[in-house]
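*Asks:* Residue -2 is where the sequence shown starts when you use the numbering used here, and the numbers rise one by one after that. All C-beta atoms, glycine included, are put in the ideal place defined by N, C-alpha and C. Please read these numbers as outputs of a predicted model, since none were measured by experiment.
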Amino acid sequence: PRIVLADANSQKAKSARNYPVVEIFVTSWCGYCKMMEQVLDKKGIAYTTHDVEKDDNAAKTFRKLKGRGVPLVRVGSKVVYGYDPDTVVSYVNGK
């Protein structure tokens, strides 16, 4: 998996301590996946990316979460299917 964090003194790293764990299940060719990553980067939200075509464990978790398409985003215990940045950000913010 690819983990996106900045150096320990950055605002992104400091704010990551206050957010639930964010995981994005993606493929290398998915444009909406890249757009979701850009939204999270812009908002300063740390996340881990799992490529479901290259990582067997990611593919297994994706199936357990009943994934049918990418991106699939897990925010703590909540799951967002498809590209829905507003919902993802609201879950990250505890709403």
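1. Of the choices V72, K31 and K57, whose alpha-carbon is the least far from that of G91?
2. Where do the ends of the alpha helix (DSSP H) carrying Y29 lie?
3. Do the segment 15 to 26 and the segment 70 to 87 make contact, defined as three or more Cβ pairs closer than 8 Å?
4. If you measure between the beta carbons of V85 and M33, is that distance less than 9 Å?
5. Report the residue from I42, Y29 and G64 whose alpha carbon sits nearest the alpha carbon of S87.
6. Can you name the start and end residues of the alpha helix (DSSP H) that K57 belongs to?
7. Determine, using beta carbons only, whether L37 and Y44 come nearer to each other than 9 Å.
8. Any idea if T46 is buried or exposed, counting beta-carbon neighbours within 10 angstroms, 16 or more meaning buried?
*Replies:* The answer reads as follows:
1. The option with the nearest alpha carbon to G91 is V72.
2. Residues G28 to K40.
3. Contact between the segment 15 to 26 and the segment 70 to 87 is present: 3 or more CB-CB pairs across the two stretches fall below 8 Å.
4. In this structure, the beta-carbon distance from V85 to M33 falls below 9 Å.
5. When C-alpha distances from S87 are compared across I42, Y29 and G64, the shortest belongs to I42.
6. Taken as a continuous stretch (DSSP letters only), the alpha helix (DSSP H) holding K57 covers D53 to K61.
7. Between L37 and Y44, the C-beta gap is smaller than 9 Å, which places the two residues in contact.
8. Of the residues assessed, T46 falls on the buried side of the cut-off, its CB having 16 or more other CB atoms within 10 angstroms.
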